[in-house]
Amino acid sequence: MAGSTPASATASAPAVDAGHGAGTTPAGASARPRVSPWEEAWRRFRKHRLAVASAVVLSFIILAVLVGPLFWTVAIDEIDFRARLQGPSFAHPLGTDDLGQDLLARMLYGGRISLAVGFAAMLVAVLLGTLIGSLAGMASGPVDAALMWLTDLFLSLPELPLLLLVIYLFREPLRQVVGPEMGVFILIVGVIGGFRWMPVARLVRAQFFSLREKEFVEAARALGASTPRLVLHHILPNALGPVIVAATIDIAAAIIAESTLSFLGLGFPPDVPTWGRLLFDAKDNLDFAPHWALFPGLAIFFTVLTINFVGDGLRDALDPRRVI
Amino acid sequence: MTQYLIRRLLIAIPSLLGISVILFTVLALAPGDPFEELATNPAIPPEVRMQLRASLGLDDPIHMRYFAWLTSMLRGEWGFSFVSRIDVDQLIMQRLPTTLLVIGTSQIVALAVALPVGVLAGTRPYSTFDKVANTLAFVGFSLPTFFTGLLFILFFSVYLGWLPFVYRTNIAGSGLPWVWEHIKQMIMPVMVLGLFQGAALVRFVRSAVLDVIRLDYVTTARSKGLAERRVVMKHVVRNALIPVVTLIALQMPIVFGGAIVTEQIFRVPGIGSLLISAILSNDTPVIMAVTFVFSCLVIFFNLMADVLYGWLDPRISYR
Amino acid sequence: MTEDDLRQLIGRVKRGSLSRRGFIRRMAAVGLTAPMATQILAVAGAAPAMAQSVPAYRPTRAGGGGALKILYWQASTLLNPHFAVGTTNQDSSRVFYEPLAGWAADGTLHPILAAEIPSVDNGGLSADGRSVTWKLKRGVKWHDGQDFSADDVIFNYEYARNPAVASTSSGSYRDVNVTKVDDHTVKVEFAQPNPFWADAFVASVGMLIPKHLFKDFAGSNARDAPTNLRPVGTGPYKFTSFAPGDLLRGERNENYHLPNRPFFDTMEIKGGGDAVSAARAVLQTADYDYAWNLQVEDEILKRLEAAGRGKVNVIEGGAIEFIQLNATDPTREVDGERAHISTEHPAFRDPAVRRAIALLLDRKSIEEFIYGRGGPATGNFLNNPPRFRSPNMPMEFNVDRANQVLDQAGWVRGRDGVRAKDGVRLRFVYQTSVNAPRQRTQQILQQAARRAGIELELKSVTASVFFSSDVANPDTFGKFFADMQMYTTTMPQADPQRFMNQYVSWEVSQKANSWQGRNIVRWRSADYDAAFRAAEGELDVVKRAALFIRMNDLIVGSNHVIPVVMRPTVSGSLNTLRPAISGWDLTMWLLSDWYREG
């Protein structure tokens, strides 16, 4: 249904155009009752059963960690040596860890942090990566060279010493400005995001290299579109495929990376049970108390799985070429 | 094109210098020193520790230390490790074969699995194959390697007793049994790494194929009556390769750099474990050497990727 | 019982008019434990021959034992004992190099390259405590066939103390004077009478390297010595190959100086990985013979042991996990220095608060549920050898009593449940290094403290930063810019002199000494200083032990230092392996006597 020029992507991405409304509805659709592109996207999304189911599960996970602690009021750090390493039971639906602490309460509490860190760090990485990648991809010559130098630099820096340096330089100042918990959160998100934008930047830049020479971009340029308009409306939406994949992978990576950070003393204090940390603590007991590792592992897996399917669903729903 | 290459290679020299300055500064400013264990040992007076620091030059100003490093590097001397007091290049050379073997194999496995699986999944979206491949990929990158590694050990080494989980470099013997022993001990680390890296790659390849396969020229090619196989190989894959090439170029330096967690779990004496122990003991010469070689590889492979873009899509111009 | 009575009794045992058993019974009557009584006899020279301090060796011929495979989760990086920065390197060096004597499991000396242990009776120790004469074993050869002699010993003394060499063992050699008496006798002289004479040439700092291979590298070129990487020693195994950070291999020394030893034909030490999987490789899958230093929660070890293939060895030493309550104020800066020695901690200056925290530490549970056999609860800072253990420090866990103590001292609970007095809130930062059992201990104390109206903020710092001597970093344990901290301090000799200088006033860790002083808690006491000074020159073993016990009681009684658990060395070995291990010396200290049965 799009233009007939071979090897061209769509003239413009519907997601962006939808925001601008008029003039983009295909002529063929005018016979039918007018549906706004958003309604159309929603209709397509609903048909994607996996995506809908995933959206439901994901909402459930988010809701559970947000309001769950209001209903399951067991303290997260109540030590009970008589109930160590117990499997799931009525008193402890997900069992207990080696200090007899209730795993359900810990998972609900830790889930908030893990999800918040995952999403926020992903956003930092993707936004930073997309910004730098598109700048480098559009501007060429010295700007591109400088930005790629920056990317190469970040790729080659060893993470650990840099992390230790960051803690040493910023932990106390941040703690004083925004308080201990917020300070740690900002540090973690900054650090994880700051170390994961490089692949995104290189991917976006590569896409730009290819897209900026395409006919539809040239056509838009010939019609007098400004460079920002070219980028935002024509190139970027077509370059987003790998970005979406990177974003979903980054959420999982950030949730796991958080647990590694706490072992450097950078993460949340040792009494905060994030999912990654639960998994790490549980690993040595895997053969005796598998439940301890199973539930946080499943939580991370389902979060990643559902986010990915929702992402796939959105992408299909927003792609006008695909008829569902 | 050649001119572009020469220009990029020339730029690479100042960029490497810049990177080395920043690396060195970060390492010098980062907290810690090589004498952690001396500190809690009451038999070692603090003066001894201070004297050791001074003898390694740790108390000199940063710029002096950097120039000392740079001048010896230019002469081809890599310096000596603070903790083992032997030359850094010797340390790296001892570890290079194992790293290349294990990490290299796992990269090949990851690529060999991810490329066909990704392409197949992308050409048949939402088929059963696609769903299975996707789910496995999600397992692959939502479970950290420290966890999958342990899972493998419990299953293959403890429960089944098939595979050893301590990597040995001194396997005696020769001929086929020797090769088989080596393969046996490589299976688990290679699988763990391959799964983790392959999983992400599958998702990227699938997405790239999906982006291309819906384009009109593919439909055109099909309507011309070309065989599906030819359509996929010639028209789809080649155009989908740009993001894939980018990712592979990002992965390649790791073949040298090693994989810290996996090497630790299976006791693979690779460069990753050398680097992490050097970092934990602030062994600056070793960290500098490894990261410097690593950044050379990063720059080189990213440059390769840039060149390959032009080959994959001739319209890309080098400006 | 006065000291004179004790002396008379010991004299009777020596003369044979009182049995050892009778002596121990009488000691028990006055509250001394049996080990302590035995120790008193041992140090007074009335103990049976030394031979009993090491396990019996059964094989009747050398070799034939096959391969010995040892797993270390930290890998050794160098093989020159004078450069070793930690026990892994010392252990690897110890395979090839030997000292004159080592410390046996019961805290007594065992001769290795010495012909006998010097004593007053055999004329080795001078009566004034100013010198010790070592007789060397004859007929000992280096692995390359050269003879071992007094010249080698003298060379090691000069090598270690030379600042240009920058050796880590220099502390043991710089204040002594060593002279050659003849080819097989050396004399070590001290400036002051020194009861702590068994340091130079003994155990980990005493390993001897050959003069003929190192003499050209005894200065700033020490690093270039080819023998650094290809050791030639006198030990039971000869060097085969070494990959730093990975694998060390050795083969049997046919010319070893002890009969029927060693048992194994080859040996290897594989390094790297983590403690839990090392335990698995020995206890669960039996791929390796011995796993070093299993710092693993005991629960896990017990379950791995259930496989029935190997067992866990727990050997007592002097290491202790303890909590420090800062005596100075870490939040206030004086002359640009936090925790300045002129300040007082606003809350911990009240003994009631310190006592309350000691009462809130549930040591029994920490032992039972976290450390298990690897961490017996203790109320003493100085626990071993048993003759130095104080009987006066009870340990009590009592939340009600803690509340009572705080109530009486006028600390009142605020609206948030945290106690305060005169604007000082009982809210403390409690730091330690990143280590699973330590984080568990932190949580247990945190919960008990909450019930007594004390809020603890937990902080964990990665070990490489926490234990570094980096002057720029605020998070090191030496700076102790927190209210409370917890770590393990080790005791490498069976003598507490080096161990107990951690609380003398001249060792206070501060800016002036780049925070390298050993008194990290910054507690000062004139009584303690006096007791330490007295012990330094006290040659009478019984009086000296009493002085160290007094020091222990002073520091622990102040509650600025709260002992948590002892940290014996925990290792794993196959059921068939007979390792000879001591808590006072390196793991490899008697590798010559390891063998396999069945």
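Residue numbers (this note's numbering), protein chains in the order written: chain P, 133 to 456; chain C, 149 to 467; chain S, 858 to 1455. Idealized CB from N, CA, C, for every residue including glycine.
Alpha carbon of residue i to alpha carbon of residue j, nearest angstrom
{"i": "Val455 (chain C)", "j": "Leu153 (chain C)", "result": "8 Å"}
{"i": "Ser144 (chain P)", "j": "Gly346 (chain C)", "result": "Reliability fails at Ser144 (chain P), whose pLDDT of 34 lies under 50, so the model's placement of it is uncertain and no value is given."}
{"i": "Ile435 (chain C)", "j": "Leu1443 (chain S)", "result": "30 Å"}
{"i": "Leu1263 (chain S)", "j": "Pro1248 (chain S)", "result": "27 Å"}
{"i": "Asp1273 (chain S)", "j": "Met239 (chain P)", "result": "26 Å"}
{"i": "Leu157 (chain C)", "j": "Leu177 (chain C)", "result": "30 Å"}
{"i": "Pro1116 (chain S)", "j": "Phe289 (chain C)", "result": "58 Å"}
{"i": "Val438 (chain C)", "j": "Leu355 (chain P)", "result": "51 Å"}
{"i": "Val196 (chain C)", "j": "Glu210 (chain P)", "result": "46 Å"}
{"i": "Tyr954 (chain S)", "j": "Ile1223 (chain S)", "result": "39 Å"}
{"i": "Ser115 (chain C)", "j": "His330 (chain C)", "result": "Only positions 149 to 467 of chain C appear in this structure, which leaves residue 115 (chain C) out of reach."}
{"i": "Thr1426 (chain S)", "j": "Ile1438 (chain S)", "result": "9 Å"}
{"i": "Asp1450 (chain S)", "j": "Val446 (chain C)", "result": "52 Å"}
{"i": "Ser220 (chain C)", "j": "Ala1148 (chain S)", "result": "41 Å"}
{"i": "His423 (chain P)", "j": "Asn1432 (chain S)", "result": "31 Å"}
{"i": "Pro162 (chain C)", "j": "Gly273 (chain P)", "result": "16 Å"}
{"i": "Val206 (chain P)", "j": "Arg1308 (chain S)", "result": "17 Å"}
{"i": "Leu248 (chain C)", "j": "Val392 (chain C)", "result": "22 Å"}
{"i": "Tyr1014 (chain S)", "j": "Gln399 (chain C)", "result": "52 Å"}
{"i": "Gly266 (chain C)", "j": "Ala348 (chain C)", "result": "10 Å"}
Proximal chain P residues relative to residue i, where beta-carbon distance stays under 9 Å
{"i": "Ile969 (chain S)", "result": "Within 9 Å Cβ-Cβ: nothing; Ile969 (chain S) doesn't reach chain P, min ~38 Å."}
{"i": "Ser1428 (chain S)", "result": "Residues of chain P passing the Cβ test: none, with the nearest at roughly 18 Å."}
{"i": "Val1275 (chain S)", "result": "Those within 9 Å of Val1275 (chain S) in chain P number zero; the least Cβ separation is about 16 Å."}
Extent of the continuous beta strand (DSSP E) to which residue i belongs
{"i": "Val1037 (chain S)", "result": "Checking the displayed sequence, the identity of residue 1037 (chain S) turns out to be Lys instead of Val. Run containing Lys1037 (chain S): Val1033 to Asp1039, per the beta strand (DSSP E) assignment."}
{"i": "Leu1094 (chain S)", "result": "The sequence shown places Tyr at residue 1094 (chain S), not Leu. Start and end: Tyr1094 to Ala1100."}
{"i": "Leu319 (chain P)", "result": "Premise fails: Leu319 (chain P) lies in the alpha helix (DSSP H), Pro312 to Gly326, not in any beta strand (DSSP E)."}
{"i": "Met1466 (chain S)", "result": "Past the boundaries of the shown model lies residue 1466 (chain S); chain S is included only from 858 to 1455, so the question cannot be answered."}
{"i": "Gly1429 (chain S)", "result": "Thr1426 to Leu1431"}
{"i": "His211 (chain C)", "result": "First-last for His211 (chain C): Ile210 to Leu222, but that is the alpha helix (DSSP H), not the beta strand (DSSP E)."}
{"i": "Trp991 (chain S)", "result": "Ser988 to Lys992"}
Proximal residues of chain S, C-beta to C-beta of residue i below 8 Å
{"i": "Thr317 (chain C)", "result": "Ala1100, Asp1103 and Leu1104"}
Host alpha helix (DSSP H) of residue i (start-end)
{"i": "Met1064 (chain S)", "result": "Note, Met1064 (chain S): premise wrong, no alpha helix (DSSP H); not H, not E."}
{"i": "Tyr152 (chain C)", "result": "Thr150 to Leu177"}
{"i": "Val1169 (chain S)", "result": "From DSSP, Val1169 (chain S) is part of no alpha helix (DSSP H) but of the beta strand (DSSP E) over Gly1167 to Ile1172."}
{"i": "Trp170 (chain P)", "result": "Pro169 to Lys179"}
{"i": "Ala1048 (chain S)", "result": "Note, Ala1048 (chain S): premise wrong, no alpha helix (DSSP H); not H, not E."}
{"i": "Leu363 (chain C)", "result": "Note, Leu363 (chain C): premise wrong, no alpha helix (DSSP H); not H, not E."}
Interface partners of residue i on chain P, CB under 7 Å
{"i": "Glu1156 (chain S)", "result": "Asp230"}
Beta-carbon neighbours of residue i, restricted to chain S and to distances below 9 Å
{"i": "Gln412 (chain C)", "result": "Gly1129, Gly1130 and Asp1131"}
Under 7 Å by beta carbon: chain C residues contacting residue i
{"i": "Pro374 (chain P)", "result": "Phe352, Ser355, Ala356 and Pro391"}
{"i": "Ala1329 (chain S)", "result": "Pro179"}
{"i": "Ala1023 (chain S)", "result": "Gln199, Leu200 and Ser203"}
Chain C contact residues for residue i, given Cβ-Cβ distances below 8 Å
{"i": "Asp284 (chain P)", "result": "Ser163, Ile167, Ser443, Val446, Ile447 and Asn450"}
{"i": "Asn440 (chain P)", "result": "Asn282, Phe286 and Arg351"}
Chain-ordered neighbours of residue i on chain P, where CB pairs are closer than 8 Å
{"i": "Tyr457 (chain C)", "result": "Ala338, Phe341 and Ser342"}
> Given a limit of 8 Å on CB to CB distance, which residues of the region 221 to 249 of chain P reach chain C?
Replying inline: none
> Using Cβ-Cβ distances below 9 Å, what residues of the region 320 to 354 of chain P are close to chain C?
Replying inline: Met330, Pro331, Arg334, Leu335, Arg337, Ala338, Gln339, Phe341, Ser342, Arg344, Glu345 and Lys346
>> So, does the region 1103 to 1121 of chain S touch the region 916 to 926 of chain S, judging by three or more C-beta pairs under 8 Å?
In response: yes
> Is it a yes or a no for the region 1394 to 1414 of chain S touching the region 1056 to 1071 of chain S, going by three-plus beta-carbon pairs under 8 Å?
Replying inline: In short, these stretches do not touch, since the Cβ pair count stays below three.
> Between the region 995 to 1014 of chain S and the region 940 to 947 of chain S, are three or more C-beta pairs nearer than 8 Å?
Replying inline: Two segments are said to touch when three or more pairs of C-beta atoms, one from each, lie closer than 8 Å; by this definition the region 995 to 1014 of chain S does not touch the region 940 to 947 of chain S.
>> For the structure I just gave you, are there three or more beta carbon pairs, one from the region 408 to 415 of chain C and one from the region 291 to 305 of chain C, closer than 8 Å?
In response: yes
> Do three or more CB pairs link the region 1274 to 1293 of chain S to the region 1383 to 1392 of chain S at distances below 8 Å?
Replying inline: no
> Touching or not, the region 194 to 212 of chain C and the region 313 to 323 of chain P, by the rule of three or more beta carbon pairs under 8 Å?
Replying inline: no
> Touching or not, the region 429 to 447 of chain P and the region 163 to 182 of chain P, by the rule of three or more beta carbon pairs under 8 Å?
Replying inline: Short answer: they touch.
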